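Quick note: the sequence shown uses the working numbering, first residue 1325, plus one each step. We put the CB at the ideal spot given by N, CA and C, even for glycine. Note that the structure is predicted; figures quoted are calculated from it, not measured. Down below is the structure, laid out as structure tokens.
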Amino acid sequence: MKNEKTFLMYKLLVLIAICLSGCSSGNDDSLEQQQEDEVTLEGNYRGTWSSTTASATFSNVSVSAKLQFGGADNILTGSFFISSDYTVCCSAGENDGTLVIDFDGDTITSFNYNDVITNCSGTFNGTGHIRTSDKALVIDFTGNDCDGDHVGQIVLIK
């Protein structure tokens, strides 16, 4: 009788433990994950720029960016540098241009780089994705500056 009572008590405790572990709301978890992902997207990035024009090819040029969330959810803004160490390469300002990146989940729905390089300013637009393995921002873009019409890709890794 005592063993039977102990066995029933054990089964009851296991059942309660299973119920408690399964009672969390999936929405809370996904909201927490989304907030965690957003926080991890802010910060300093290093990466590469590759593009082609009719007259030039740029392969794996070192770039860097300092990004933070702008006024609205899912919009990263910040400074862009044509260097791997967050220093100005080619302008008289504090950066080589500014970025605005809008995303939905792991999809970059809009990318804008306003290039302020001295005597070679331009505008670049594109879309892309956030690579799940390392949270890299992978952006396919087009744009125009003194080198002509660019088609290329930027990869930024935190």
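Tell me, to the nearest whole angstrom, how far the beta carbon of residue i is from that of residue j; I am working on the premise that it is less than 8 Å.
i, j, result
"residue 1441", "residue 1407", "With a Cβ gap of about 12 Å, residue 1441 and residue 1407 do not count as contacting."
"residue 1391", "residue 1367", "7 Å"
Since residue i is in the beta strand (DSSP E), which residue starts that stretch and which ends it?
i, result
"residue 1460", "Unbroken run through residue 1460: none, as it is neither H nor E."
"residue 1396", "Taken as a continuous stretch (DSSP letters only), residue 1396 belongs to no beta strand (DSSP E), as it is neither H nor E."
"residue 1417", "No beta strand (DSSP E) contains residue 1417, which DSSP labels as neither H nor E."
"residue 1369", "1367–1376"
"residue 1478", "1472–1481"
"residue 1424", "1421–1428"
"residue 1437", "1431–1439"
If the criterion is Cβ atoms closer than 8 Å, does the pair residue i and residue j meet it?
i, j, result
"residue 1470", "residue 1436", "no"
"residue 1426", "residue 1454", "no"
"residue 1405", "residue 1399", "no"
"residue 1481", "residue 1460", "yes"
"residue 1365", "residue 1401", "no"
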